[in-house]
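Residue numbers (this note's numbering), protein chains in the order written: chain A, 8 to 400; chain B, 40 to 332; chain C, 18 to 351. All C-beta atoms, glycine included, are put in the ideal place defined by N, C-alpha and C.
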Amino acid sequence: MSPSRRTLISTAVAALTLSAVVILPAQAQGLPKLKVGLMLPYTGTYAALGNAIENGFRLHVTEQGGKLGGREVEYVKVDDESDPSKATDNVNKLVKRDNVDVLIGSVHSGVAMAMAKVARDTGTILIVPNAGADAVTGPMCAPNIFRSSFSNWQPGYAMGEVVAKKGHKKVVTITWKYAAGDESVKGFKESFEKGGGTVVKELSLPFPNVEFQALLTEIAAAKPDAVYTFFAGGGAVKFVKDYAAAGLKKSIPLYASGFLTDGTLDAQGADANGLFTALHYADSLNTPRDNAFRLAYAKTYKLQPDVYAVQGYDAAQMLGIGMAAVKGDISKKSEFSAAVEKAKIDSPRGAFTLSKSHNPVQDFYLRQVGDKENKLVSIASKALADPARGCKM
Amino acid sequence: MDFTTFLIQCLNALQYGLLLFLVASGLTLIFGIMGVINLAHGSFYMIGAYMAYALAPIVGSTFGGGFFATLVVGLVLAVLLGYVLEWAFFSFLYERDHLQQVLMTYGLILVFEELRSLLVGDDVHGVQPPDFLSGTLPLGELMTYPVYRLFMSGVCLVLALAMYFVFTRTRLGMMIRAGSTNREMVQSLGIDIKFLYRVVFAAGVAIAVFAGMIAAPVSSVYPGMGNTVLIICFVVVVIGGIGSIRGALLAALLIGVVDTFGKVLLPQASGVLVYVLMALILLWKPDGLFKAG
Amino acid sequence: MKSSKFLFVVAAFLVLAVWPLMAGQYGVDLVAKIMVFAIFALSLELLVGSTGLVCFGQAAFFGIGAYATVLLTPQDGAPSLLWLLPACVLLAALYALVVGALSLRTKGVYFIMVTLAFAQMAYYVVHDTPLGGGTDGIYLTSKPVLGTLLDLDKPQAFYGFTLACLAGVFVFLTLLLRSRFGRALAGIRVNEQRMRATGFSTYPYKLAAFVISGGIAGLAGFLFAVKDGFVNPELISWHLSGEVLIMIILGGLGHLRGALIGAFAFALLQEFFKSEAIFGEFAKHWHLGLGLSIIACVALLPRGLVGVPGQVAARLSGRPSGARGTAAEEASNE
C-alpha cells in the first residue's frame, strides 16, 4: 500500500475514532454503580500529590469492600494538568459526558475554584481533597461542597500561636506571591500579632521563581527573631537547602506551614533536621488508627503515606458517611449534606468534624524534623476552625 | 541597604548570572550558530538534573566513584544522546523553517517529560554535592556562602572562556562559524558539514545536560523544572544577540543583577522586570547587544 | 483546487451547524470550546500565516478580552451584548496597538521575544496586582444578553452565537485577505524589502494587521469568559500563546482553514489520548501520545494537516510533493 493511501486511510480511521471517543463515556452502562469522578493532576509538578490522593481514596473504598452505601464504586479519572483555564472543560467532561455522581478534586486552587463553580451550578457533590483556597469554604461555600483537607489560613494561624508562645517578637515572612502564600501568611500574622508579636517584613517572590539568595540576604540584614515561610514541592526543597547553606538555620529559627517538609524530606536531607512546622498530620502520631492506616497503605502501595494520602482517604470516608446515610441514593442531596455536616470523621490524623462552611475543624500538630520524619512534638492548635469569611451558609 | 549587604547582593547577582549563562550557553550554540530553535533545551537541562540524581547510586556501586565520576559518565551519555538525537530528528530540521522546528521540539518536550514520569516517577529529589565542596564560607555576622556555589560560578567562567577560545581561535570554531553563515559554500570547500553540525549539536546538548547536572545540588530535581528555565534561556540569548557568546554572558549577568536587586528594591514588580529589561534593550538595539561570533 | 477548498469550508460549517442536533450536552460544549479556540487561532493566523509576523504573545489579547468581560460586567444585572462585546474587543485591540507600535521595530526572533515580553507584562499585571482579582481567578457574575432575543447563559444560544462569530470572523478574514490590504500583507510576508523598495510603506499595514488580530483574539477571550464563567491569570501565560501557535502550525500556515483544522485536530488529539476508554490506565501518560503525534505530523506533513489532500493527490499521480508546494498554491492564499 502506498504511503499516501496509508495516510489517507489512517486519517479517516483516526477521525472516526476521535468523533466516537468524544461522545463515548469512559465506562459502559450497566449496573447502578456509584460513579466517582477523580479530577487530579496526573502530569506536571503536582503529579505525585495526585497519585497520593487517589491511593488514599482507593484504600478506604477497598477497605469497605469496594462499596460505599451499598453501591459498588466505579472511578472515572481526568488529568487536570493543574491548569485552571482547562478546568471548567475537564469538570464538564466528568459531569456531562461521564455523568459522575460525585466529584473529587483538586490539588491546585485555581482548578478547585473552577470545580466549585460547576458544582454550585449543577448541584453535583464535590469533595476537595487538597486545594486550600480560602474561597472554597468562604464566598464559594455551598451545601454540596466539602473539603477533607485544610484552608490555607489554618496552618499559618496555628504556627503563629506557637511562634508567639515561644517568645519571638520580630518575624519576617517569606513566600511566593500567590493566593496560597498570601493566605498562609495572613493566617500566621493574625495569631502572631494577637500573641504580641510583629511581622516586620513580608517578603515575597514571583511564583514559581526559586532564586532565594537575594531575599535570604535581606532576611539576614533584617535580623529578625524568627522567619515564617510557606513553600511546597521543588521550591520547598530548594528553600530549606538554601536557608541552611546561607548559615541562617543556625542563627534565625525557621518556622513553616507543614508543606515545607511534607514529601520533601528525602530530598532535603540533613538540612531539614530540627525544623518546626505545623500541619494537620504528622509522621509519628502513633495512634492505633494511624498505625493501622499507615500499615495498610504501605502494604498496598509499597510507599509511606503522607498528608495528601490521608486527605484522599478521608474524602472517601466523608463520601461513605454520606452514602450510608442516604442508603446509596445520591439524589437525596440535602440528607447527604446533613449527614456529613454532623459527622465525626475517624481520620488517621485524629478525629475531626466539619465547620458550617464544610471545612475540617481539626487539631494542628507542631512537628519537628528528625530521622527523615516529621515527628509530633505537641498540639499547636486544638480543634482549629477556619473563620470562613464570606461564607453565607 | 548597608554596604556589606550590597556587596553580598552583588555576589548573589553575579552567581545567578553565571549559572544562567551556563544553562543558556547550549542554547546559544544550537540556536545561534546552527539557526535551529530548540524548545527542548529545558528538557535537556532537566535530563541532566535527573541524571545527576539517578546515576549517582549506579556509578557509586559499579565504579565506586562519587560526584565527579557521575559527572563524567553523565557527560558521555549526554554527548551520545545529542549525537543520536541530531541524527534521528534534528538533521531533518535544518531545511525546514523555524516554525516547524518549534512544532517538532514542542512535541519532544512532551515526550521527554512523559518518559521522565514513566522512568523515574514524579517525586522531588535532592542531590548531594561532594563532601569537599559542601562547606560554607562566612560572610558578615549572620550569613555564610556555600562553597559549592562558588565552584559552580568557577565552572561557568571556565566554560565561557573555553567556548570563546574554541570559536575564535581554533580551526573547528572557524569551520562552525563559516558553516552557520553559508552551509553550501563550506560543503563545496570539502568540509563535511553534516558531521560538523552533528558535533556542534551534540556539544550543545551536552552543555545543557552538564548544566543540569552541575546545578542539581543547588536547584533540586523536580518535575517541570525544564519549563521555567526554558523561557529565561531564550531571554538571555535574545538580549545578548543570537549567536554571540559574549552577548549571552553579558545578558546573563544583566539579568542576574535585575532579578536580584529587583526582588529587593521593587518586589511588587520583580516578576516582570526581566521582560521589561528585554523590551527596553530590544527597542534600543533591535538585534540584541552583540552581533554573532 | 479552489472550489474544493470552498466546498470543504462550507461542509465544515454545515456540520458544525447541525452538530447540536446529533451530539449530547458534552459534545456541544466541547465543540463550542474548540470553536472559541478556532477564532483565537484565526487571529494568530492573520499575523503568522498571512503577514509573516510570528507573535508569541497572542494570549495577552485573549486574556485581556476575557478579563475585560469579567471586570466590566456589573454585579447586579446581565449586561447587554451590544456594548460589552465591542468594549472587550476594543480593549484587546488597544493593547495590540501599543504592543505592535513598539514591537514592530524588531524583526525575526527578536520580534517573537518582544511580543512575549509584552504578554508577560500583561500577565504580571493580572497576576500580581489587585486589578486581576487574585491569582486563583475571578468569577463572571452574570452572562451577557441581547435584550430578550439571546441569553448567552443558555448553552444552545451560546453555541449558536459562537458559531456565528466563527463564521463571521472567517468570512471577514477571507474578504480581508483578498482585498488590496490582504495583498499588501502577502507581499510583506513574501519579501518586505521588495515592497519597501517599490515605495510601499509597510509599517501601517503591519500595525493594522496587528490591531485586527488583537481584536479578534479579544473576541475569542470574551467568548471564553462567557463560556467558563471563570477567568484566571493562566489565560495570559506563554503556555497558551505557545499552544495556539502549535495549533496553526499543525493545521498549516498560510491558509485560513488551516487554523480551523489545527484547532480541531489539537483538541481532538488531546481528547483521544486522554480517553480512558481506549488507553485505560495509560491514559494518564497522554502527553507521550500527543508529543509523538506532533513529531509524526512534522516529519510526514511538512505543510501541515491542510496539505494532506495535496500530498495524497501528488503521490497518487506520481508528482513530487515538496515541502513548500508550488508557487501557484502559495499565491492563491486561502
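Q. Using the beta-carbon of each residue, which ones in chain C are nearer than 8 Å to B/Q139?
A. In chain order, I266, V315 and P319 make up the part of chain C whose C-beta sits under 8 Å from the C-beta of B/Q139.
Q) Contact check, C/L167 vs C/L99 under 8 Å by CB: the rounded distance? A) About 11 Å; that fails the 8 Å criterion.
Q.
Please state the DSSP three-state secondary structure of A/F153.
A. Reduced to three states, the DSSP call for A/F153 is strand.
Q) Does any residue of chain A bring its CB to less than 9 Å from the CB of C/T158? A) Chain A, which has no Cβ nearer than 9 Å to the Cβ of C/T158, makes this no.
Q) Counting along the chain, where does the alpha helix (DSSP H) carrying A/K42 start and finish? A) First-last for A/K42: L41 to L47, but that is the beta strand (DSSP E), not the alpha helix (DSSP H).
(Q) Which complete alpha helix (DSSP H) runs does the segment 223-283 of chain C hold, if anything under 4 residues is left out? (A) Those alpha helix (DSSP H) runs which fall completely within the segment 223-283 of chain C and span 4+ residues are 255-268.
(Q) In the DSSP assignment, the alpha helix (DSSP H) including B/M264 goes from what residue to what residue? (A) For B/M264, the enclosing alpha helix (DSSP H) begins and ends at M264 to G279.
Q: Pick out whichever of B/L57, B/V150, B/Q48 and B/F45 has its Cα sitting closest to the Cα of B/L200.
A: Ranking B/L57, B/V150, B/Q48 and B/F45 by Cα distance to B/L200 puts B/L57 first.
**Q.** Inter-residue CB distance, A/T182 and A/F238 (contact presumed, cutoff 8 Å)
**A.** Cβ-Cβ separation between A/T182 and A/F238: approximately 7 Å, consistent with a contact (criterion under 8 Å).
Q. With 16 other CB atoms within 10 Å as the buried threshold, where does B/E125 fall?
A. Per the 10 Å Cβ criterion, buried.
Q: Would you mind giving the Cβ-Cβ distance between A/P215 and A/G242, rounded to the nearest angstrom? I have them listed as a contact below 8 Å.
A: With a Cβ gap of about 6 Å, A/P215 and A/G242 count as contacting.
Q | Neighbourhood of A/A35 by C-beta distance below 7 Å, restricted to the same chain and skipping five residues each side | A | Low per-residue confidence applies at A/A35: pLDDT is 47, beneath 50, and the placement is therefore not dependable, though the value from the model is reported in the following sentence. Nothing meets the Cβ criterion.
(Q) Less than 9 Å between the C-beta atoms of B/I232 and B/R222, yes or no? (A) Taking 9 Å as the Cβ cut-off, B/I232 and B/R222 qualify as a contacting pair.
Q | Short CB-CB distance (under 9 Å) between C/L31 and chain A | A | Against chain A, the CB of C/L31 has no partner CB under 9 Å away; the residue lies outside that interface.
Q) What does a CB cutoff of less than 6 Å around A/G77 pick up in its chain, not counting 5 residues either side in sequence? A) Result list for A/G77: G335, in chain order.
Q: Using the Cα positions of A/N280 and A/G377, report the straight-line distance between them to the nearest angstrom.
A: Computed Cα separation, rounded: 5 Å.
(Q) Whole angstroms are fine: how far does the CA of B/L53 sit from the CA of B/V296? (A) Cα to Cα, the separation comes out at about 7 Å.
Q. Exposed or buried, what is A/K389 when buried is set at 16 or more other beta-carbons lying within 10 Å of its beta-carbon?
A. Within 10 angstroms of the beta-carbon of A/K389 lie fewer than 16 other beta-carbons, which makes it exposed.
Q | DSSP beta-bridge partners of A/Y235 | A | A/T180 and A/Y262.
Q) Does the beta-carbon of A/K257 have 16 or more other beta-carbons within 10 angstroms, so that it is buried, or is it exposed? A) The residue in question, A/K257, is exposed, as its Cβ has fewer than 16 Cβ neighbours within 10 Å.
Q. Roughly how many angstroms separate the alpha carbons of A/G37 and C/L285, rounded to a whole number?
A. In this prediction, A/G37 has a pLDDT of 42, which is less than 50 and means its spatial position is unreliable; nothing more can be read from the coordinates.
Q.
For A/V317 and A/R356, which I take to be in contact (beta-carbon distance under 8 Å), what is that distance rounded to the nearest angstrom?
A. About 5 Å; that satisfies the 8 Å criterion.
Q: On the DSSP bridge assignment, give the partners of B/H164 in chain order.
A: Beta-bridge pairing by DSSP links B/H164 to B/V260.
Q | Chain-ordered chain B contacts of A/L255 [CB-CB under 9 Å] | A | Within chain B, the residues placing a beta-carbon under 9 Å from that of A/L255 are L181, M182 and T183, ordered along the chain.
Q) Rounded to whole angstroms, how far is the Cβ of C/Y140 from the Cβ of C/I253, which I believe are closer than 8 Å? A) About 4 Å separates the beta carbons of C/Y140 and C/I253, which is inside the 8 Å limit, making them a contact pair.
Q) If we ignore side chains and look at the alpha-carbon of each, how far apart do A/N366 and A/L292 end up? A) About 22 Å.
Q.
In whole angstroms, give me the CA-to-CA distance for A/D90 and A/V118.
A. Between the alpha carbons of A/D90 and A/V118 lies a distance of about 6 Å.
Q: Quick one: using the 10 Å Cβ neighbour count with 16 as the cut-off for buried, is A/K349 buried or exposed?
A: Exposed is the call here.
Q) From A/E88, A/G57 and A/V83, pick the residue whose C-alpha is nearest to that of A/K40; which is it? A) Comparing Cα-Cα distances from A/K40 to each of A/E88, A/G57 and A/V83, the minimum goes to A/V83.
Q.
Is B/I232 a contact residue of the ligand PLP, with contact defined as CB to any heavy atom under 8 Å?
A. Absent from the structure shown: the ligand PLP. Ligands present: none.
Q. Does the Cβ-Cβ distance between C/V116 and C/F135 come in under 9 Å?
A. Contact: yes.
Q | Beta-carbon proximity list for B/V333, same chain, < 7 Å, skipping 5 on both sides | A | With chain B covering only 40 through 332, there is no way to say anything about residue 333 of chain B.
Q. Skipping 5 residues on each side, what residues in its chain have a beta carbon closer than 6 Å to that of A/Y185?
A. Exclusion of the five residues before and after A/Y185 leaves F214 as the residues of its chain whose Cβ lies within less than 6 Å of its Cβ.
Q: Establish whether the CB of A/F214 and some CB of chain C are separated by less than 9 Å.
A: Closer than 9 Å: yes.
Q: Can you give me the Cβ contacts of B/M329 inside the same chain, cut-off strictly under 6 Å, excluding the 5 residues immediately before and after it?
A: Just to set this straight, residue 329 of chain B is Phe in the shown sequence, not Met. Excluding sequence neighbours, B/F329 sits near G280, S283, R285 and G286.
Q: Flag A/S156 as yes if its beta-carbon sits less than 9 Å from any beta-carbon of chain C, otherwise no.
A: Among the residues facing chain C, A/S156 is not included, as its CB has no counterpart in that chain under 9 Å away.
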